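Step one of this worksheet: look at the structure below.
Number of protein chains: 2
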Amino acid sequence: MNREEKLRETILQASLNEILDLTEELHPVDLLEVLQEYEEDQKALLEKFPDEYIAMVIDEAELDEKFILLSLFPSKQKQEIISEMSSDELADMLGNIDEDTQSRILEGMEEEHREEIEELLSFSPETAGGIMATEFVSVKETMTIDETLKFLRDIAPNAETPYYIYVLDDQDVLKGIVPIRAILTSLPDVLLKDVMLENVATIPASMDQEDVSNIFQKYGYMAMPVVDEEQVMLGIITVDDIMEVLSDEHTEDMYRLAGLDEEEEIDGSVLDSIRSRLPWLLVNLVTAILASATVSLFDATISKVVALAVFMPLVTGMGGNAGTQTLTLIIRGIALGEIDYENKKEILRKEFLVGVLHGAALGLIVAILGGLWEGNAVFGLVIGVAMFLNMVIAALSGFFIPLLLKKMGIDPALASAVFVTTMTDVLGFFFFLGFATLMLTYLL
Amino acid sequence: MNREEKLRETILQASLNEILDLTEELHPVDLLEVLQEYEEDQKALLEKFPDEYIAMVIDEAELDEKFILLSLFPSKQKQEIISEMSSDELADMLGNIDEDTQSRILEGMEEEHREEIEELLSFSPETAGGIMATEFVSVKETMTIDETLKFLRDIAPNAETPYYIYVLDDQDVLKGIVPIRAILTSLPDVLLKDVMLENVATIPASMDQEDVSNIFQKYGYMAMPVVDEEQVMLGIITVDDIMEVLSDEHTEDMYRLAGLDEEEEIDGSVLDSIRSRLPWLLVNLVTAILASATVSLFDATISKVVALAVFMPLVTGMGGNAGTQTLTLIIRGIALGEIDYENKKEILRKEFLVGVLHGAALGLIVAILGGLWEGNAVFGLVIGVAMFLNMVIAALSGFFIPLLLKKMGIDPALASAVFVTTMTDVLGFFFFLGFATLMLTYLL
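Read top to bottom, the protein sequences are chains A and B. For what it's worth, this note's numbering labels the leading residue of the first sequence as 1, then goes sequentially. For what it's worth, this note's numbering labels the leading residue of the second sequence as 1, then goes sequentially.
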C-alpha cells in the first residue's frame, strides 16, 4: 500500500476528532496528492474536513483544479469555503472561470471581502497587484509592544502568517514596518514608532512580476508591501509567491528559446501542442527556405563539386551550435541583470575573441579533413575559411541579436534563436559556396 | 550624480552617529553595489561601519568577493568580523580559499564556533548540509510561552530571524516546532509542548540541494530543519537559500542544453570560455561529420539532381527545431517532476500524434514547394515524405532520449540535444537522399 492509499483509508475511516488531529499534522499539499490519485473519492474525502481546511487545500491546488474542487460542495458551503480562502488564490481562481459564475460568486460574498477581491481582479495577473494577497497585519505607530501582542492574539488567526507588522497612518499610507523579532525581543511598554523601520522598500502594484522577483532575489526579503502611487498599502507579496514566479519565468525562458508557447502543458491536448508549436515551425520554415535559396544561388558550383554538398552540414551545424552558446549566455545574463553599459564592451571583445579562436581551431580541423577527403588542399582551404568565418558570425550575432531585441522591447528569449540560426545558415552557406565558386578552377 | 555616487559621498562624510543610523536603513546589498563600483574606496567605505554590519555585507557578497573584502582588515578585526558572519556564508567562504589560509582562520576562532564551521565544511557544498546555517533557536518542551518570550529577548539578536522555534530533547533530537505565530497568539502560561507541532518535516543533511528546493517549492515552507540519521538537529535551511539554488539550477539547465559549462561566467576570461565550450563543439563536430558521412553515401545521386542539395537545409533544419521542442518539454517536465509512470504513455501518444500531424502539414507544404521548384511532382513527393518522416523521428527521439538518459543517471539537459539532432540529421538525410536514390529515374 503506498502513502496516498494509506492516507485515503485513514481519512475515510477517521472520526471527527481524528480528522481534527490530522489537520494539525497533514500538509494540505499531501491531501491534494491523494485527491489527484483518487478522483472518484474527492467528495467523500474532502467532506470529512472542516471548511477552513478545505479552503487551505483549494489554496494549494493548481489554478485549473481549484474551481473543480470547490464545485464538489453545495452553494452555501461554497461561500463558507470561499470566505476562508487566501485572497490571492481566490482572485486567481475567479479570474480563471467564466464571467457569469464569477459574478454569481462575488455577489454571494460579504461586501468588504467582495470589494477586496474585485480590486485584486482589476490588476493584470502578471503584475505585483496580480500576485499580492490582501491579508496583512496593520497597526498604528502609537501602539505599545504589549498592545500589539494583544492585538495579534485577537486577529492573527485570520491573517497570512505575519513576518512583519505594517504601520499605517489614518489614510492607510505605509509609515514603517515592525519586524516580528522586534516585537518578540522588545520590552512591553516600548512604542512601535521607536522600533519600526522607516524608509521601507515597497513594490508598486503595477510592477511586472519578473522585476518583483529580481528584487526579492537581490535583497532576500521574506515579504514585501505593495503600494499604489500615493504609498497607500494594498497588500503583500511573500517569498513563496515569488518561488512560483521564478519557476514560471524559468519555464517561459526555456520554452521560448525552444519555440514553445509558455502556456503549453506537458499533458495537454494534441491540438494545444500544435497551436503552440506549429506557428514557430512555420517561421523556421521561412528561414530554412532562405538558407535553401542561398544554396540554390550556387547550384552550378555544387553540380561540379558534389563534395560541397557533403560538407554543408558541417558549416551550418557548427555555426548554429556556437551561436546558441553565445546567445544563451547573453539571454541568461540579461535575465540576471548581469549585463550593463560598462561590461558590454568587455563581453563583446571576449565573445569576438572566443569566436576567432574557435574558428581558428575548428577551421584548421575541417580544413585538414576536407583536404584529405577531396585530396585537394584548396578544398580544405575553402571549408576551413568558411568554418572560421561562420564561428565569428555566430559569436557576433549571438551577442548583438538578443541585446538588439531587448532594446526594441522584445523578449530576447522569444526571437533570438531564429535570427541567430538564420544568420549562421544563410551567411555560412553564402561564404562557403561563394568562396568555392571563386576558387572553382582549383577545385575541379 | 547616480545613487551609488551619492551613497559613497554620504558614507565618506558621515559621523559615527550618522553611520549607526544608516545601518538601520541601508540594506547591505546596496552598500555592496557601491563597493563594486568604487573598488579603490572599498577600505575607506567599509572601515566606517561597525564589525557586525561589515559581516552582513560580506554575507551578502558573491562567493569570490567575500574573502577579498575580509582581507581589507587587519587580523584581529578579521576575526571579529568572522565571529559575526552567518555560519553558512562563512563556511562557503572558507571552502573557497586555499587550505593554509583556511586553517589559520579556523585556528583563530573560538572553539565552539570553529567546531560548528568545521562540521559545515565537512558536507558537500551541493547538499542540504552544505547550504544549511547553524543559527537557529532551540528550546525545551517544558518551557512556557512567557519563558520562551524572555528567552528570545535574550538570545534572538544572535540568531538568523526566527520563523520557527525548534523544540529539542537533551540529545538534541528534534521533537517539534513552535511557529512564531503560536508564541505571539498564545497566552503566557501555556506550555510549549501544548502548542508545538509534532511530526515535523525534516531534511536529511545528505539530500541533494535540487531535491531540497523541490520540497520547499511543493510545500511553500519558509524554513526547514536539517537533521542527521538519528534525527539530531544540525541546522536550518531558509527559503532565501533556496532562491539561490533555484536560480543556479536554472542557469545550469539552460547552459547544459546549449552546451556551456555551468561554471562559465558572462564576464569570465577568453580561456575559461573556450574551456567551457570547445569540448562541446568538438562533440558536435563528430556528430556533424556523421551527418556529412550520411550525405556522402548519396553523392552520386546529388551530382545528378543538385536540387537535393538545395533542399537539404530544409529537412534537417526543421527536424532539429521540432526535436528541440519535444526535448525541451520533456526535460522541463522531468525537472518539475511532472512525468510519472502513468502519464508517460499519454505523453508519448500525444507527442507521436503531434509529430505525425506536423509532418503531414509541413510535408505537404514542402512537397508543393519542391514540386513547383523542380517542376517535378516526384521531387515534391520525395521531399514531402522525407519531411514527414523527420518530424516523426524528431518527436520520438525528443521523447525517448531524455528519458533514457535520465534512467541511466545522466542529466538529460547535458546530453539530449546532441543525440536528438544527430538522430534528426543523420536519419533525415538518410531518408531524404535514400528515397531520392530509389526514385532517381523519375527525378532526372
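Glycine included, C-beta positions come from ideal geometry on N, C-alpha and C. As the structure is a prediction and not an experimental result, all values here were calculated from the model.
Would you kindly work out how many angstroms separate the C-alpha atoms of B/T326 and B/F399, rounded to a whole number? 6 Å
Consider the Cβ of B/Y341: report whether some Cβ of chain A lies at a distance smaller than 8 Å. By this cut-off, B/Y341 is not an interface position.
Is B/K407 close to chain A? Criterion is C-beta to C-beta, closer than 8 Å. Chain A, which has no Cβ nearer than 8 Å to the Cβ of B/K407, makes this no.
Cβ separation of A/I177 and A/V200, assumed to be a contact under 8 Å, to the nearest whole Å: 5 Å
Beta carbon proximity, A/F311 to chain B, threshold 8 Å: yes
When we look at the beta-carbon of B/R8 and count the other beta-carbons within 10 Å, is it buried (16 or more) or exposed? buried
Cα-Cα separation between A/D51 and A/E80, rounded to whole angstroms: 7 Å
For B/M224, go through chain A and note every residue whose CB falls closer than 7 Å to its CB, in chain order. By Cβ distance, chain A contributes nothing, its closest Cβ being about 12 Å from B/M224, past 7 Å.
Thinking just about the alpha-carbon of each residue, which of A/V245, A/G355, A/L433, A/L369 is nearest to the one in B/A309? A/L433
Contacts that B/A288 makes with chain A (C-beta to C-beta distance below 8 Å): P313, L314, G317, M318
Using the Cα positions of A/A44 and B/Y164, report the straight-line distance between them to the nearest angstrom. 34 Å
Looking at chain B, is there any beta carbon in it that lies within less than 8 Å of the beta carbon of A/G220? Interface residue, yes.
Tell me, please, whether the CB atom of A/E89 is closer than 8 Å to any CB atom in chain B? Cβ-Cβ to chain B under 8 Å: no for A/E89.
Within chain B, the residues that A/S273 reaches when beta carbons sit closer than 7 Å: Within chain B, the residues near A/S273 are K350, V354.
Pick out whichever of A/V245, A/A417, A/M391, A/I54 has its Cα sitting closest to the Cα of B/N456. In the structure as shown, chain B begins at 1 and stops at 444. Residue 456 of chain B is therefore absent and cannot be evaluated.
One or two residues paired with A/P179 in a DSSP bridge: BP columns for A/P179 point to A/Y164.
Interface partners of A/D208 on chain B, CB under 8 Å: Chain B residues near A/D208: none, gap ~18 Å exceeds 8 Å.
Thinking C-alpha only, which one of B/A91, B/A61, B/L63 is nearest B/H113? B/A91
Taking the alpha-carbon positions, what's the B/L414 to A/N284 distance? In this structure, the CA atom of B/L414 is about 24 Å from the CA atom of A/N284.
Can you list the residues of chain A that B/N284 reaches, using a CB-CB cut of under 8 Å? G317, M318, N321
By the DSSP assignment, the alpha helix (DSSP H) with A/P279 in it spans what residues? 270 to 296
Short CB-CB distance (under 8 Å) between A/R3 and chain B: no
Cβ-based contacts, 9 Å cut-off: residues of the region 94 to 108 of chain B near chain A: The region 94 to 108 of chain B vs chain A, Cβ under 9 Å: nothing.
Chain A contact residues for B/V306, given Cβ-Cβ distances below 7 Å: Neighbours of B/V306 on chain A, chain order: D299, I302, S303.
Inter-residue spacing [alpha-carbon to alpha-carbon] between B/T316 and A/L405: 27 Å
Enumerate in chain order the residues of its own chain whose CB-to-CB distance from B/V420 is below 6 Å, with the five nearest sequence positions on each side excluded. G323, L327, S397, G398, I401
On the criterion of 16 or more Cβ atoms from any shown chain inside 10 Å, does B/L12 qualify as buried, or is it exposed? For B/L12, the number of other beta carbons within 10 angstroms of its own is below 16, and it is reported as exposed.
Run through the DSSP bridge pairs and tell me what A/V173 is partnered with. A/V232
If you check the beta carbons only, do A/A291 and A/V426 fall under 8 Å apart? yes
DSSP on B/I410, reduced to helix/strand/coil? Coil at B/I410, not helix or strand.
Report the three-state DSSP secondary structure of A/E4 (helix, strand or coil). Note: A/E4 maps to helix in three-state DSSP.
Identify the continuous beta strand (DSSP E) that holds A/V227 and give its terminal residues. 223 to 227
Limits of the alpha helix (DSSP H) - the one that A/V34 falls within: 28 to 37
Taking 8 Å as the CB-CB limit, is A/H250 close to chain B? yes
Touching or not, the region 341 to 358 of chain A and the region 15 to 27 of chain B, by the rule of three or more beta carbon pairs under 8 Å? no
Hey, is A/N158's beta-carbon within less than 8 Å of any beta-carbon in chain B? Residue placement at A/N158 is poorly supported in this model, since its pLDDT is 48, which falls under 50; the coordinates are not used for a value here.
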